[in-house]
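Worksheet: one structure, shown below.
Structure below.
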């Protein structure tokens, strides 16, 4: 399967573009498949990956296409739902996954979206992203494998508990206002 791969969206630290123009379902499915084949488990088998998304309108569509590709690679996906990027980082550590993907447009305009990826507990970036782009462009995903699985797991309670243990403001006179704005961290 060959898809149009706009090279400008494969950046140093992430994949980002205008969601409805650059991030087509076939492209995102290819990214998922290539990522699942690239991020193998320590035993060489299919990886277990944490997945989270921000609250952009395009995030559910991108999630569906990405998961389709990840499952085609044999990956096990643990979807931790909607939240801020630190929730994904926490989930990778807390669940002990082989990596993770955050669907997020970050601080960019609302019509943009993309993916921040992790290999193990570290960022997936630079040459790794460029090799991922080449794999997607070539459509070389090898032989079909046993499809993976996807489950939902809520880690927000554990995440909030860690934040409460990590920051101690009780009894301190610190005037500040917390404005989650339109971000995915608001519900936390």
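Residue numbers (the numbering used here): 109 to 296.
Quick reminder that beta carbons are idealized off the backbone N, C-alpha and C, glycines included.
Since the structure is predicted, the reported quantities are computational estimates derived from the model, not experimental observations.
(request) Just list the beta strand (DSSP E) runs in the region 123 to 206, keeping only unbroken ones of 3 residues or longer that don't cross its boundaries, in chain order. (result) 123 to 126, 156 to 161 and 184 to 190
**Request:** With a cut-off of 8 Å on the beta carbons, I'd call residue 183 and residue 138 a contact; round off their distance for me.
**Result:** 14 Å between Cβ atoms; not a contact.
For this session: Compute the beta-carbon to beta-carbon distance between residue 179 and residue 188, rounded to the nearest angstrom, for a pair I have assumed lies under 8 Å.
Result: Contact flag wrong, Cβ pair sits at about 17 Å.
* Leaving out five residues before and five after residue 196 in sequence, what residues of the same chain have Cβ atoms less than 8 Å from its Cβ? -> 158, 159, 160, 188, 208, 209, 210, 224 and 226
Practice item. Return the first residue and the last residue of the beta strand (DSSP E) that residue 259 is part of. Key: 257 to 260
Query - N-terminal and C-terminal residue of the alpha helix (DSSP H) that residue 243 is part of - result: 235 to 246
query: Just reading off the alpha helix (DSSP H) that residue 278 is part of, what are its end residues?
result: That residue, residue 278, is in no alpha helix (DSSP H); it is neither H nor E in DSSP.
Residues near residue 198 in its chain [Cβ-Cβ closer than 8 Å; skip 5 each side]: 263, 266, 267 and 270
- Do you know how far the Cα of residue 219 is from the Cα of residue 314? The structure shown does not extend to residue 314, since the chain is modelled only from 109 through 296, so no value can be given for it.
Same chain only: Cβ atoms within 7 Å of residue 233, ignoring 5 sequence neighbours per side: 120 and 121
With residue 212 and residue 193 assumed to form a contact (beta carbons below 8 Å), what rounded beta-carbon distance in angstroms separates them?
6 Å
- Item | Of the listed residues 167, 154, 117 and 168, nearest to residue 181 (C-alpha basis) | 154
Does DSSP classify residue 227 as helix, strand or coil?
-> strand
Verify the contact flag: residue 171, CB atom, against every heavy atom of the ligand HEM, threshold strictly below 7 Å.
In the structure on display, the ligand HEM does not appear, and there are no ligands present to speak of.
If you compare alpha carbons, which of 247, 202, 165 and 114 is closest to residue 228?
202
Exposed unless 16 or more other CB atoms sit within 10 angstroms - verdict on residue 248:
exposed
Tell me the DSSP bridge mates of residue 220?
126
query: Roughly how many angstroms lie between the CA atoms of residue 274 and residue 241, to the nearest whole one?
result: 38 Å
Quick test of your reading: residue 177 and residue 140, contact by CB under 8 Å. State the CB separation rounded to the nearest angstrom. 2 Å
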